[in-house]
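S.K.:
Chains as they are written, first to last, in the working numbering: chain G, 1 to 304; chain C, 305 to 658.
1. Would you identify the three-state DSSP class for residue 547 of chain C, choosing helix, strand or coil?
2. Determine, using beta carbons only, whether residue 423 of chain C and residue 416 of chain C come nearer to each other than 9 Å.
3. What number of angstroms, rounded off, separates the C-alpha of residue 579 of chain C from the C-alpha of residue 491 of chain C?
4. For residue 346 of chain C, which residues in the same chain have their Cβ closer than 7 Å to its Cβ, ignoring the five residues on either side in sequence?
5. Chain C beta carbons: is any one of them nearer than 9 Å to that of residue 209 of chain G?
6. Please confirm if the segment 473-481 of chain C is in contact with the segment 623-631 of chain C, defined as three or more CB-CB distances below 8 Å between the two stretches.
7. Could you tell me which chain G residues have their CB closer than 7 Å to the CB of residue 510 of chain C, listed as they occur along the chain?
8. Kindly identify the DSSP beta-bridge partner or partners of residue 557 of chain C.
9. Would a C-beta distance cut-off of 9 Å place residue 92 of chain G and residue 34 of chain G closer than the cut-off?
10. Quick one: list the residues of chain C neighbouring residue 203 of chain G, beta-carbon separation under 9 Å, in chain order.
11. So residue 248 of chain G is in the beta strand (DSSP E); what residue range does that whole segment cover?
12. Excluding the 5 residues preceding and the 5 following residue 111 of chain G in the sequence, name in chain order all residues of the same chain whose CB lies nearer than 7 Å to its CB.
13. Just how far apart, CA to CA, sit residue 290 of chain G and residue 297 of chain G?
14. Just to check my reading of the structure: residue 22 of chain G and residue 242 of chain G have Cβ atoms closer than 8 Å, yes? What is that Cβ distance to the nearest angstrom?
15. Can you tell me the Cα-Cα spacing of residue 656 of chain C and residue 496 of chain C, whole angstroms?
16. Please go through the same chain and pick out, in chain order, the residues whose beta-carbon is closer than 7 Å to the beta-carbon of residue 494 of chain C, but skip the five residues on each side of it.
17. For residue 380 of chain C and residue 637 of chain C, I'd like the C-alpha separation in whole angstroms.
18. Looking at chain G, which residues of the segment 559-589 of chain C have a Cβ within less than 7 Å of any of its Cβ atoms?
19. If we ignore side chains and look at the alpha-carbon of each, how far apart do residue 260 of chain G and residue 573 of chain C end up?
20. Would you say the segment 243-263 of chain G touches the segment 522-542 of chain C, given that touching needs at least three Cβ pairs under 8 Å?
21. Run down chain B in chain order and give the residues with a C-beta less than 7 Å from the C-beta of residue 14 of chain G.
22. What is the DSSP secondary structure of residue 521 of chain C, reduced to helix, strand or coil?
23. Are the CB atoms of residue 31 of chain G and residue 188 of chain G nearer to each other than 9 Å?
24. Check each candidate in C/475, C/596, C/499 and name the one with the smallest Cα separation from residue 537 of chain C.
25. Among G/304, G/271, G/244, G/294, which has the Cα closest to the Cα of residue 283 of chain G?
26. Between the alpha carbons of residue 301 of chain G and residue 78 of chain G, how many angstroms are there, rounded?
27. Using 8 Å as the threshold, is the segment 446-453 of chain C in touch with the segment 577-594 of chain C, meaning 3 or more CB pairs across them?
28. Please tell me whether residue 252 of chain C and residue 359 of chain C are closer than 9 Å, where the distance is taken between their beta carbons.
29. Please give me, in chain order, every unbroken run of the alpha helix (DSSP H) with length at least 4 that falls completely inside the segment 401-476 of chain C.
30. Between the Cα of residue 437 of chain C and those of C/510, C/614, C/552, C/414, spot the shortest distance and give me the residue it belongs to.
31. In whole angstroms, what is the alpha-carbon distance linking residue 342 of chain C and residue 350 of chain C?
32. Answer with yes or no whether the minimum CB distance from residue 50 of chain G to chain C is below 9 Å.
33. Measuring straight from C-alpha to C-alpha, what distance separates residue 83 of chain G and residue 186 of chain G?
34. For residue 334 of chain C and residue 139 of chain G, I'd like the C-alpha separation in whole angstroms.
35. With 9 Å as the limit, tell me which residues of the segment 370-401 of chain C have their beta carbon closer than that to any beta carbon of chain G; keep them in chain order.
36. Counting only beta-carbon separations shorter than 9 Å, does residue 107 of chain G have a partner in chain C?
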């Protein structure tokens with residue numbers, strides 16, 4: 001029982017950055033832009049959040065700094081792919097490499113050569129403390145609560161039920177028709193990329209402001225790319241993407257708990273480490289056939 | 305410059321107008337930023353030293369070498385420049401050759417892990433330069449010396465503390481890769497824990513990454529979930545898990561007490577200063593030869609040490625345990641106690657023999 005409670009708590013905790021990243025990437029892609037800048041945006045959010053919180057002593061200011069960096073990263077991606085119509089793969093990978101380079105450069109300028117710096121990270125909150133043993137599942141950071149109780153429902157409502165969300169989906173499916181109907185395609189894509197960028201950056205800041213309280217190189221460690229895969233796994237739907245994040249996180253957390261059990265000594269640990277990826281790939285192969293991509297995916301829009 | 309940066313070179317046909325080019329160029333130029341800073345000492349120092357690091361100097365292993373060389377530069381004994389983040393895809397040979405050809409430094413320090421052939425090939429072509437590299441191999445005449453982090457002795461002492469303070473008799477270790485350098489530290493730690501606690505079970509998790517503190521923390525939390533109450537943080541991220549659960553952690557590579565002053569009991573530390581000082585002295589005296597500098601990274605010559613024990617940690621450190629550790633430490637220094645070097649991969653869970 002304790003094993004299961006511990007595992008469920010870990011699943012929610014580890015899914016948090018993936019949820020922010022996946023929801024953010026979903027917004028970008030539903031507007032027709034594949035944002036491979038996600039890994040760099042998460043990295044820059046992690047660094048900007050930490051550096052600001054370290055300098056000011058305020059986690060809230062750190063989070064705001066991450067959001068500002070995320071908005072800016074989304075705007076740069078939009079400048080390249082929407083205004084200039086540049087290739088989205090090249091722009092996104094360039095943005096990721098550029099943002100990682102800038103973050104590491106700033107890291108060296110600010111924290112050169114010294115010992116690793118730490119801040120007092122976000123505390124764990126439990127609004128359901130009175131439920132006995134099972135309440136340990138709800139020992140989570142504020143950013144986890146915000147992700148599941150606020151961001152996911154709000155992002156779903158905005159995308160699926162609001163007229164702004166309809167505009168995002170319209171410019172992602174058929175920008176000519178949206179344009180003819182009076183929707184400003186460029187403005188809508190800019191906004192979708194900036195909202196997405198802000199969410200990705202919060203996902204990155206989760207590592208430095210909540211989970212660890214410090215910034216180290218390579219802190220995102222490829223989780224941005226996992227989010228790109230989870231968006232496809234979720235068929236560009238917020239709810240399915242979140243389920244994918246939870247599934248990945250469940251297996252990720254499970255394998256760390258299995259391999260220290262005495263019976264698992266013979267199994268190569270590399271296999272267990274690969275398990276979350278294998279499960280998501282397997283689920284994708286089973287459920288991902290005949291997936292309909294957004295109609296204007298990867299296509300810049302020009303009035304002709 | 306990191307090879308990844310070349311991936312960012314844009315296809316010119318995909319660009320619309322000069323502003324797009326400028327934007328992408330700005331992003332690309334940022335890649336080089338972290339790669340090649342240099343520090344040059346004022347005045348004319350007698351010995352010139354170049355550091356060639358495969359990783360960034362923020363990575364703890366190369367950071368230890370960089371720190372020792374920086375200290376010598378600040379003491380005015382050497383002129384020191386370095387290039388870091390050279391990587392493992394062929395740039396090491398180019399950087400070393402260019403430096404040896406153009407600047408001809410007296411000594412090149414670096415890490416050869418993942419770049420063994422490149423480092424050794426260049427060293428053979430420039431016999432007048434001292435090549436001193438972190439390596440799993442041996443020295444080569446006339447100029448290629450090797451060193452490594454031989455910190456199994458303080459790891460044993462740290463294990464004694466871990467075994468001694470554990471009440472659940474379960475101790476967790478989170479490491480990067482199961483390579484010889486890590487395995488011998490972990491195995492010595494396990495042996496130390498077994499000396500002070502016959503019933504101890506040691507759980508070991510490898511991450512297959514040198515840098516993933518979030519995964520390291522999760523691995524540590526999994527160990528805590530299965531009963532571990534002392535954690536050895538071979539990698540970053542583990543001390544945070546101990547702090548969150550009010551448990552005792554042991555740091556690695558440098559004294560990490562500052563990261564969580566109430567939870568880090570001690571740290572297993574490596575110090576390159578004795579190695580660096582010895583090599584510079586030898587070069588100054590024109591008596592440098594290729595050799596295995598292993599001893600200079602061990603307790604006897606001050607290259608490895610257990611950081612001061614922090615008795616204020618959660619639960620405290622019993623006095624008799626501290627004195628037992630001090631006794632072993634003295635025996636190691638006196639050469640009367642040898643810690644076994646075992647470079648085999650430790651199992652995920654070491655259970656005491658029934």
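Quick reminder that beta carbons are idealized off the backbone N, C-alpha and C, glycines included. Since the structure is predicted, the reported quantities are computational estimates derived from the model, not experimental observations.
M.R.: With the structure as the only source:
1. helix
2. yes
3. 24 Å
4. With a pLDDT of 44 at residue 346 of chain C, under the threshold of 50, the modelled position of that residue is not reliable, and the figure given next carries that caveat. Excluding positions up to five away in sequence, the list is empty.
5. no
6. no
7. 269
8. C/573
9. yes
10. The premise fails here: residue 203 of chain G is roughly 11 Å from chain C at the closest Cβ pair, so nothing lies under 9 Å.
11. Not the beta strand (DSSP E): residue 248 of chain G falls in the alpha helix (DSSP H), residues 238-258.
12. 117
13. 16 Å
14. 7 Å
15. 13 Å
16. 463, 506, 650, 654
17. 30 Å
18. 562, 563
19. 26 Å
20. yes
21. Of the protein chains in the structure, G and C, none is chain B.
22. helix
23. yes
24. C/475
25. G/244
26. 12 Å
27. yes
28. Lying outside 305 to 658, the shown extent of chain C, residue 252 of chain C is not represented and no answer is given.
29. 420-429, 456-469
30. C/414
31. At residue 342 of chain C the pLDDT is 44, less than 50, meaning the model places this residue with poor confidence; the figure from the coordinates comes in the next sentence. Residue 342 of chain C and residue 350 of chain C: Cα-Cα distance of roughly 18 Å.
32. no
33. 7 Å
34. Its pLDDT being 47, under 50, residue 334 of chain C is placed unreliably by the model, and the measurement read from it follows with that caveat. Roughly 40 Å separates the two Cα atoms.
35. 370, 371, 374, 389
36. yes
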